[in-house]
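Undergrad: This is the structure I want to talk about, given as structure tokens.
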Amino acid sequence: MSYVKSLVAGLIFFTFIIAWWPHYEPIYRYTNEISDATVDIYLAFSGHAGGAEDGWPISSVTYGQGIAIAPTYVLTAKHVVTPPDKMFLLGVPIPITSEKKEIFVLSRIADKHGYYQWISASVVWTAEKDDLAIIHLEKPVAHYWKGISEIDVYDKIYFVTSWGTHRGYLADGKVIGRGFCPFKAERDMGAFPIIKDDKEFCKDNLLVMDMIAMPGESGSAVLNRHGQIVAIVSIRWKYVVCVPVIEYKEIIENYAAYTE
């Protein structure tokens with residue numbers, strides 16, 4: 536009889552584990568650590584629009600995010616740390632020639648006086664075909680996060696949003712699609728514009744999440760329920776569009792191995 540009871544108890548426990556496992560979300564135990572490893576990135580650049588000789592001078596400061604993967608290395612989106620090559624004036628593309636740029640990282644950990652640390656940074660790696668980059672910090676940050684994994688459609692994901700706070704917190708959602716190719720209007724035909732794919736932004740590997748990103752959240756890390764980095768936020772569209780990182784796992788982990 537005791538054997539039967541033990542067997543029944545074991546089956547009940549096993550059934551509970553099977554039913555509970557898909558809902559297990561250990562990432563919430565690491566919310567503070569992930570937020571501390573997230574940094575704000577500012578890109579200041581100057582140059583000319585419309586041509587270096589006959590154009591007009593421009594200067595701008597843009598803002599994004601990244602996640603420290605080592606004391607002096609941060610993973611982010613390439614467009615967060617790279618000046619744009621064009622601007623649009625009344626819908627017309629105007630080329631931009633950037634002549635000077637500076638990257639500054641703002642740590643999310645304040646010192647004993649309540650001030651946050653500004654750190655100069657430089658780009659050390661960019662993905663040739665994807666919106667990913669790694670920057671090197673002149674000074675180390677106190678917190679960083681490691682772990683790379685893959686992600687697929689309908690998987691539950693989490694990303695660090697900073698809406699309304701400098702500290703940041705985890706928002707959750709799921710991957711609802713793979714591949715992103717928005718429409719663009721070629722010319723207006725009254726009530727029926729001529730539209731086609733905007734091939735500049737068409738990518739088969741981009742992941743679409745059922746979440747909304749706020750301005751300045753490009754470069755934020757997307758993580759799975761175990762807290763592993765699976766993608767980086769790239770495009771703030773109707774939904775969040777992100778770049779999966781699994782293809783670059785070896786490169787990212789090589790930089791993450793530095794402890795300088």
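Heads up: the sequence shown runs through residues 536 to 795, numbered per our numbering.
Don't be surprised by glycine CBs; every beta carbon is placed ideally from N, CA and C.
For clarity, every value in this text was computed on a predicted model and none was experimentally measured.
1) What residue range does the beta strand (DSSP E) around Tyr704 cover?
2) Can you tell me whether Lys738 is buried or exposed, with buried defined as 16 or more other CB within 10 angstroms of its CB?
3) Tell me, which residues are paired with Ser684 by DSSP?
4) Let me know the secondary structure DSSP gives Arg643 once reduced to three states.
5) Gly599 bridges to which residues according to DSSP?
6) Quick one: grab the DSSP three-state call for Pro561.
7) Just to check my reading of the structure: Lys636 and Ala579 have Cβ atoms closer than 8 Å, yes? What is that Cβ distance to the nearest angstrom?
8) Taking C-alpha atoms, which residue in Pro592, Ile670, Tyr704 lies nearest to Tyr629?
9) Between which two residues does the beta strand (DSSP E) carrying Tyr790 extend?
10) Three or more C-beta pairs closer than 8 Å, one from the segment 649-656 and one from the segment 685-693: is that the case here?
11) Counting C-beta neighbours from all protein chains within 10 Å, is the total for Asn567 16 or more, i.e. buried, or is it exposed?
12) Please list the terminal residues of the continuous alpha helix (DSSP H) segment that includes His614.
13) What does Glu568 pair with, by DSSP beta-bridge criteria?
14) With a CB to CB cut of under 7 Å and the five nearest residues on each side skipped, what residues in its chain are close to Ser642?
15) Apply the 10 Å Cβ neighbour rule to Pro779 and answer buried if 16 or more other Cβ atoms are within range, or exposed otherwise.
16) If you reduce the DSSP assignment to three classes, tell me which class Ile604 lands in.
17) Provide the residue span of the beta strand (DSSP E) that contains Lys621, from first to last.
18) Have a look at Gln600 and Phe715 and give me their C-alpha separation to the nearest angstrom.
19) Under 8 Å, do Val640 and Leu672 count as touching if we go by C-beta distance?
TA: Let me spell this out:
1) Sequence index remark: in the sequence shown, residue 704 carries index 169 (1-based). Element bounds for Tyr704: 704-715.
2) Position 203 of the sequence shown, counted from the start, is the residue given in the question as residue 738. So Lys738 ends up on the buried side.
3) One-based indexing of the sequence shown puts residue 684 at position 149. In the DSSP output, where bridge partners are listed per residue, Ser684 has none listed.
4) Position 108 of the sequence shown, counted from the start, is the residue given in the question as residue 643. Residue state, collapsed to three classes: strand.
5) Position 64 of the sequence shown, counting from 1, holds the residue named residue 599. DSSP lists Ile576 as partners of Gly599.
6) Here residue 561 refers to the residue found at position 26 when the sequence shown is read from its first residue. It is helical.
7) Translated into the one-based positions of the sequence shown, residue 636 becomes position 101. Translated into the one-based positions of the sequence shown, residue 579 becomes position 44. Right, their Cβ atoms sit about 7 Å apart.
8) Numbered from its first residue, the sequence shown carries residue 629 at position 94. What sits at residue 629 in the sequence shown is Ile, not Tyr. Closest in C-alpha terms to Ile629, from the list Pro592, Ile670, Tyr704, comes Pro592.
9) In the sequence shown, counting from the first residue as 1, residue 790 sits at position 255. Premise fails: Tyr790 lies in the alpha helix (DSSP H), 784-791, not in any beta strand (DSSP E).
10) With contact defined as three or more Cβ pairs closer than 8 Å, the segment 649-656 and the segment 685-693 are not in contact.
11) Along the sequence shown, read from residue 1 onward, the residue named residue 567 stands at position 32. It counts as exposed.
12) Working through the sequence shown from its first residue, we reach residue 614 at position 79. 613-616 is the extent of the alpha helix (DSSP H) around His614.
13) For this step, residue 568 is matched to residue 33 along the sequence shown. None; Glu568 has no bridge partner.
14) Translated into positions along the sequence shown, residue 642 becomes position 107. Val574, Tyr651, Gln652, Ile654, Val676.
15) Here residue 779 refers to the residue found at position 244 when the sequence shown is read from its first residue. With 16 or more other Cβ atoms within 10 Å, it is buried.
16) What you label residue 604 is simply residue 69 of the sequence shown in a count that begins at 1. In the structure shown, Ile604 sits in a strand (DSSP, three-state: E or B).
17) Within the sequence shown, the letter at position 86 stands for residue 621. Its beta strand (DSSP E) spans residues 621-624.
18) Locating residue 600 in the sequence shown gives position 65, where the first residue counts as 1. Locating residue 715 in the sequence shown gives position 180, where the first residue counts as 1. Each residue's CA atom was taken as its position, placing Gln600 and Phe715 some 22 Å apart.
19) The residue you call residue 640 lines up with position 105 of the sequence shown. The residue you call residue 672 lines up with position 137 of the sequence shown. Yes, the pair counts as a contact, with Cβ atoms nearer than the cut-off.
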